[in-house]
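Structure first, commentary second.
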Amino acid sequence: MMKFANDRDLAPSFREAMSRLAAGVTLITTCGSEGQALGMLATAVSSVTADPPTILVCINRTASIHRDLTASGVFRANFLAEDQYEVAECFASSKKRESRFQVGQWKTEPSGAPALIGAIASLDCKLTEMVDIGTHSVIFGQVVSINLGHDDSDPLIYYARNYCSLASSSRSGRVERSADIKSAAM
Ligand SMILES: Cc1cc2nc3c(=O)[nH]c(=O)nc-3n(C[C@H](O)[C@H](O)[C@H](O)COP(=O)(O)O)c2cc1C
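Going letter by letter, the sequence shown gives residues 4 to 189 in our numbering.
In structure tokens:
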């Protein structure tokens, strides 16, 4: 009979394997019950279907945004450009929570979820479904409006526990780490 490792045995190699999956960097934003701007950084973001246009984001239930996002039922996924590394950092650490919307330029959209100016794209979503798995909620959002940034901007990428950019060699299909990379703890 085939023997499977238990969850705890797999945890370190699971983390290592997932660190090898390159991902775009997204800021998830929403609006709190008193109108305050809230946000966090996520890489667990994916397209689900174009009909109806739907994305998903996996959010840890301990994240400060979780309660307000699920209560308001609205969120925005801002896909970061490579030069928005400093904005990313603020949204990835609870220590920098208070300064989150002081970096970058922001615009308030009708839904209340802030849009980051200069993002390569941002999608305004209404929450349609949520499934809790382990520590996280998988949150499905139907896209209600889209802002497209300049199509000559490159994305900010997270790979091997580092922020990376597509180097000029990306045209040949090769990804290089940018010179100003810093590590970030998940
Ligand atoms: C590169 C990177 C990717 C992350 N992706 C996710 C994610 O997809 N889902 C999640 O819940 N947390 C993710 N995090 C962690 C949150 O961004 C981080 O814990 C944040 O501080 C949560 O907001 P809070 O401090 O206001 O609770 C990620 C962190 C980093 C550095």
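Glycine residues also receive a C-beta, built at the ideal position from the N, C-alpha and C atoms.
For L44, the CB falls within less than 7 Å of some heavy atom of ligand 1.
Short of 6 Å from the beta carbon of S114, and not among the five residues preceding or following it, lie these beta carbons of its own chain, in chain order: V77 and D127. V134 has V141 as its beta-bridge partners, per DSSP. Ligand 1 never approaches A170 closely enough for any of its heavy atoms to be under 7 Å from the residue's Cβ. Taken from the Cβ of H153, every heavy atom of ligand 1 lies 7 Å or farther away. Out of D157, G137, T131 and G152, the CA that lies nearest to the CA of F143 is found in T131.
Distances between the C-beta of I58 and the heavy atoms of ligand 1 are all 7 Å or more. With respect to the C-alpha of I136, the residue from C61, L159 and T32 having the closest C-alpha is C61.
No heavy atom of ligand 1 is found nearer than 7 Å to the CB of A84.
Counting only residues of its own chain and dropping the five nearest sequence neighbours on each side, A91 has a CB closer than 7 Å to the CB of V28, L44, L83, L159 and Y166.
In this structure, S75 has its beta carbon at no less than 7 Å from each heavy atom of ligand 1. For I68, the shortest separation between its Cβ and any heavy atom of ligand 1 lies below 7 Å.
DSSP places T65 outside both helix and strand once states are collapsed to three, so it counts as coil. Under the three-state reduction of DSSP, T33 is assigned to strand.
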